[in-house]
Each structure stands twice: as structure tokens, then as C-alpha cells.
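Undergrad: The sequence shown runs 3 to 402 under my numbering.
Ideal placement from N, C-alpha and C gives every residue a C-beta, glycine not left out.
Below is one structure. I have some questions about it.
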Amino acid sequence: MKFSSLPFLNVVGKKGRSSSLFVFSVLLSFSLFGGALMLSSLRNGLKSLERRLGADIIVVPYEARTKVSADTILAQGNRTFFYMPKSALDKVLAVEGVEKVSPQVYMCTMNAGCCSISLQLVGFDPRTDFTIQPWVRQTFSGTLQTGEILIGSKVNLSASGKLKFFDQLWTIAAQLDETGTGLDNAVFANMETIALMAKAAEKIGWPLADRKYSDKMISTIMVKAKDGYDIDDVASLIQRKVRKTQAVKAKSMTSAIADSLASFSKIIAVLSVVIWLLCLVMLIVVSTLITGERKKEFAVFRVMGASEKKLSRLVMAESLLLNAAGGVCGTALASLCIFPFHSLIKNAIGLPFLLPKAAVMTALALLSLAASVFFGCMASSFSARSISKVDAGAVIRDGN
3 MKFSSLPFLN VVGKKGRSSS LFVFSVLLSF SLFGGALMLS SLRNGLKSLE RRLGADIIVV
63 PYEARTKVSA DTILAQGNRT FFYMPKSALD KVLAVEGVEK VSPQVYMCTM NAGCCSISLQ
123 LVGFDPRTDF TIQPWVRQTF SGTLQTGEIL IGSKVNLSAS GKLKFFDQLW TIAAQLDETG
183 TGLDNAVFAN METIALMAKA AEKIGWPLAD RKYSDKMIST IMVKAKDGYD IDDVASLIQR
243 KVRKTQAVKA KSMTSAIADS LASFSKIIAV LSVVIWLLCL VMLIVVSTLI TGERKKEFAV
303 FRVMGASEKK LSRLVMAESL LLNAAGGVCG TALASLCIFP FHSLIKNAIG LPFLLPKAAV
363 MTALALLSLA ASVFFGCMAS SFSARSISKV DAGAVIRDGN
């Protein structure tokens, strides 16, 4: 038997001894990769939300309670609707410091037989829009026609290529890329299509608002401020000049989400570090105890002529095999817990959650695996050093 084959034979032959080290190695890599993936997904979600918002200021009817309504649509995908006169659009554009404006209309479908699914409808004007179209162009390069819709990544794409809302069929032009926000559960259409939907909804008796919707009504005005103007000052000026509206900075709308995300990220980071430290300590303790029980085995090797360095390499080789296997399993387990259920995780935490790209996830997995193997072997190095203190003759004589 070659000495080089002993590490593998010891790991396989001593299943009880190996399993304890293997379990802690799995937990170590699970906490490293799982924590890193969760934190990366939350940061991606917030960045995606900021990109999708795209405006400096959002103007809505005063009674809409902007921050609540916009946050719930963007972060959680809650369905809502509120309206104000379309004439407010020109008034906002006339305010000093405003560069461009674009309207949006919010509607929601019914959870009934007249509709394929209950979700948020968002109408936008392709001629003036500067918030939705940059995202749309990543998937759809054509011109959105009347009667066509764009669906979010979480909306089921039907085999017929159509969805039914208010007893009417609407053609799906494209399915948009995932954002990790509530917009993934929304449907987008131009203003003409939204007007047709509103008429179809009225025919079946679906109340669109406390004030009846018409093509002269809008829900929000997305505002881009001119360079050199203070956004706070522009928002205050809009609110003074355009009555019965509320102008809110986009950054302030996402600040509450950012604060919640920061708090949740801290919890994940602390839990990951605590689990990692506990696993590392337990690996050191278990490795030390196992090495202590193997004194007689090491003493026999020493009598047979094996050097201290050779025995140390034996321990480190066994540790490398176990931690590599545990690292792979822990990383795979974290993947199985997060990848298939990331939509459920997003709904549970109520925050933007967007998995990183494949290349980033692969890099995180490899780094976590490498770190797990490194720290696992580092824990075993304490045991490897203790081999040099073994008195082979005394151990064999005493039988310990």
C-alpha cells in the first residue's frame, strides 16, 4: 500500500470520524456562499430599482400618498390606482428647472374570469418616456402598437401569446428582463392601449377610481430636472405651482427601501459571520479531538519510519479531501435553497431582490469554496502541529 493513498482510505474507511468534519465543512461553505449570494442579490435589487425609477422627481395627486403608493408598486408589486387631470403635465413642464416630463397611468386587473391574472397595469407614453423605455430596449427593439402589451419577467407567458384583461385579448409584444422589483409582476402598455383597457373595464363594471378614469387623466408625472438645478428646490416649486399634487424626489422614495435593505443586509452578514465562526471553532475542536484519539496510529507510523512532516501532510491531505467535498456540497446546498426560491424570498422580505449574473455567481461560488477549503485546512493545521509532540515510544508502551 502506498503512503499517498492513505488519506483517501482513511477518509472513506473511518466514516464516523470523517462525517463530523464533513458536516461542519458543509455548514462553513453554506454560510459563506449563501450569505454572499443573499447580500449580492439585495444590492443588485436596489441598484435595479434606482435604474428603473429613472426620474429625479415623481409628481402624483396629493391624496395618493406618494411614498406609500410608489414604494409598494416598485418594491412589492402591490396593485393600486389613482388619477389627476392630464392638464397638470403642462403645468409641471412650465416650472423653472424642469427639463422634461412624461406621464404614466396605473390600473389594475380583476381577480375574476374576465382577466387571465390579477396584476398591475402601467401605461406610458413612448414619445416622451425616459424611465421605462431604456429598460424595454434591452428586450424589445420594435415599436409598441395599440393593443400590444409588454409583460414583466414573473408574468406567465401564455402559449397563445395573448393575455385576457376585462374580457378582451391583448397581444404580448415581449417579456422584459428581470429587475428584482415589483415591476416584474406588472404589464406595460402605451396610452392608447390603456385607454382601450379602461373602456373595456367600464363595460364590465370595474370601478377604476373614486373619480372616473378618462383619457384626460393620468396617475403620475415623471420629471427630469435640468442640470445645475437643485432637485429639492425644483420639487418644492412644483408643489407650490401645481395645486393638489405632491412632488417627491426619487431618491427619497427609495431611501426607506434602502434603509430596510441595509438593516436586513446587516442581519444576514452578522448571521453568516456567527455561523462561520462557530463552524471554524468546531472544526478546530473536532480536529484536535480526533488527532488526540489517533496518537497510537501516528506512533506506529513513526516507528515504521514516517517523519513528522509526512504525518502532518497525511492530516492535511485528509482535511483537504473532506473540506473540498464539504465545500462543494455546502455551495450546492446554498444554491438549491436560494436559486429555485428567490421569488419567494423576495416576496417574504418585501425588498428588491435580484440574483447576480451567472459569471458573478460562479465567481462567488469559487471564492466561497476556496475560502471554505482554506479555513477548514487552517483549522486542521493546529492538529497537524500537535503530531510533532507525540512520543511514539511512550504511546506504544502505555497503549494510549
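Just to confirm the assignment, what range does the alpha helix (DSSP H) spanning E98 have?
TA: Segment: none, E98 is in no alpha helix (DSSP H) and carries neither H nor E.
Undergrad: Alpha helix (DSSP H) containing W137: first to last residue?
TA: First-last of the alpha helix (DSSP H) with W137: 135-138.
Undergrad: If you draw a straight line from the C-alpha of G125 to the C-alpha of T148, how long is it?
TA: Each residue's alpha carbon lies about 11 Å from the other.
Undergrad: Measuring only the C-alpha atoms, how far is E101 from M109?
TA: In a straight line, the C-alpha of E101 is about 27 Å away from that of M109.
Undergrad: Can you tell me the Cα-Cα spacing of Q248 and M224, whole angstroms?
TA: Answer to the nearest angstrom: the Cα atoms are 12 Å apart.
Undergrad: Short of 6 Å in beta carbon distance, which residues of its chain neighbour L29, apart from the five on each side in sequence? Order them along the chain.
TA: Counting only Cβ-Cβ distances below 6 Å, and skipping sequence neighbours, we find C281.
Undergrad: If you reduce the DSSP assignment to three classes, tell me which class S274 lands in.
TA: In the structure shown, S274 sits in a helix (DSSP, three-state: H, G or I).
Undergrad: Looking at the structure shown, is Q241 part of a helix, part of a strand, or coil, going by DSSP?
TA: The answer is helix: DSSP assigns Q241 an H, G or I state.
Undergrad: So S22 and N325 are supposed to be a Cβ contact under 8 Å. How far apart are they, rounded?
TA: Wrong, their Cβ atoms sit about 13 Å apart, outside the cutoff.
Undergrad: Tell me, which residues are paired with G144 by DSSP?
TA: Per DSSP, none; premise fails for G144.
Undergrad: Quick check on the burial criterion: 16 or more other C-beta atoms within 10 angstroms. Buried or exposed for T145?
TA: When all chains shown are included, T145 counts as exposed.
Undergrad: Using a Cβ-Cβ cutoff of less than 8 Å, which residues in the same chain neighbour D179 once the five nearest sequence positions on both sides are dropped?
TA: Correct list, in chain order: W137, Q140, T141, S155.
Undergrad: Does the Cβ-Cβ distance between S374 and S31 come in under 8 Å?
TA: Going by C-beta atoms, S374 is nearer than 8 Å to S31.
Undergrad: In three-state terms, what does DSSP make of L346?
TA: Helix, per DSSP.
Undergrad: Measuring only the C-alpha atoms, how far is K268 from D127?
TA: Straight-line Cα distance between these residues: approximately 40 Å.
Undergrad: From the DSSP output, in three-state form, read off M86 for me.
TA: Residue state, collapsed to three classes: strand.
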